[in-house]
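In the working numbering, the protein residues as written are 4 to 148.
Beta carbons are placed, not taken as given, at the ideal position from N, Cα and C, and that holds for glycine.
Here the structure is a predicted model, which means the values were calculated and not measured.
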Amino acid sequence: MPRALLVILDGCADRPVKELGGKTPLEFAVKPTIDRLVAEGGSCGLMDVISPGIRPGSDTAHLAIFGYDPYKYYPGRGGPFEALGAGLTLNPGDVAFRTNVATVNNDLVVIDRRGGRYINPDEVREIENIINNEVLPILRSKYGI
């Protein structure tokens, strides 16, 4: 059976930059591994995974690349995929949220958009409590959720 390696450079699309001689950052970058893969018989190009002219997000693009119609199977950004990846079972009617936690300074300016990448269990419980006890009551009273 033939083998294949699919490398998806998600988020690498860009526009040509005058200061880079009219090249995109990816064209300008030194990338020996990618160059070698292409030189040894690989191919590269751009793909309109949804439709020409429609810029997809990673979620819908990945569904389409793997053969799923994102108009039919798109479960929403992040939440359901993250829940399944964490081993949670979702049932019809369940809602799964995905969130990023950022670190802010005293002026509420974001200084780390990923919150240090690791959130300890105590911090997770604190966030959970805020959502359950402060955010959800507001949503329920305002929107009947």
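- Message: Please report the distance separating the alpha-carbon of F100 from that of A67.
- Response: The count along the sequence shown starts at 1 and reaches residue 100 at position 97. The count along the sequence shown starts at 1 and reaches residue 67 at position 64. Distance between the alpha carbons of F100 and A67: 22 Å.
- Task: Would you check if the distance between the CB atom of D17 and the CB atom of P5 is smaller than 8 Å?
- Result: On the sequence shown, residue 17 is found 14 positions in, with the first residue counted as 1. On the sequence shown, residue 5 is found 2 positions in, with the first residue counted as 1. No; because the gap between Cβ atoms is not below 8 Å, this pair is not in contact.
- Query: Applying the criterion that 16 or more other CB atoms from any shown protein chain within 10 Å of the CB defines a buried residue, is V102 buried or exposed?
  - Reply: As a working note, residue 102 is residue 99 in the sequence shown. The amino acid occupying residue 102 in the given sequence is Thr; Val does not appear at that position. That one is exposed.
- Item | Cα-Cα separation, D110 to S46 | On the sequence shown, position 107 is the one that residue 110 refers to. On the sequence shown, position 43 is the one that residue 46 refers to. Taking the straight line from one Cα to the other gives about 48 Å.
- Query: Mapping DSSP to helix, strand and coil, what is T63?
  - Reply: Position 60 of the sequence shown, counted from the first residue, corresponds to residue 63. Here T63 sits in helix by DSSP.
- Item | Backbone secondary structure at D115 - three-state DSSP | On the sequence shown, residue 115 is found 112 positions in, with the first residue counted as 1. In the three-state reduction of the DSSP assignment, D115 falls in the strand class, which pools E and B.
- Using DSSP bridges, identify the partner residues of V20. By one-based count along the sequence shown, residue 20 stands at place 17. DSSP output for V20 lists K26 as bridge partner(s).
- Task: Kindly indicate the opening and closing residues of the alpha helix (DSSP H) around K75.
- Result: The residue given as residue 75 occupies position 72 in the sequence shown. Run containing K75: P73 to Y76, per the alpha helix (DSSP H) assignment.
- Item | Classification of P36 by the beta-carbon crowding that lies within 10 angstroms, buried from 16 upward | What you label residue 36 is simply residue 33 of the sequence shown in a count that begins at 1. Sequence check: residue 36 is Thr here, not Pro. With fewer than 16 other Cβ atoms inside 10 Å of its own Cβ, T36 counts as exposed.
- Roughly how far, in whole angstroms, is the beta-carbon of P73 from the beta-carbon of I53, given that I think they are within contact range, below 8 Å? Against the sequence shown, residue 73 aligns to sequence position 70. Against the sequence shown, residue 53 aligns to sequence position 50. Rounded, the Cβ-Cβ distance is 7 Å, consistent with contact.
- Query: DSSP on T36, reduced to helix/strand/coil?
  - Reply: The residue labelled residue 36 in the question sits at position 33 within the sequence shown. Residue state, collapsed to three classes: helix.
- Task: Mind checking which residues open and close the alpha helix (DSSP H) that includes I57?
- Result: Sequence index remark: in the sequence shown, residue 57 carries index 54 (1-based). Following the DSSP letters along the chain, one finds I57 in no alpha helix (DSSP H), marked with neither H nor E.
- Between the CA atoms of E85 and G79 - distance to the nearest angstrom: Residue 79 sits at position 76 when you count from the first residue of the sequence shown. Residue 85 sits at position 82 when you count from the first residue of the sequence shown. Cα-Cα distance, rounded: 11 Å.
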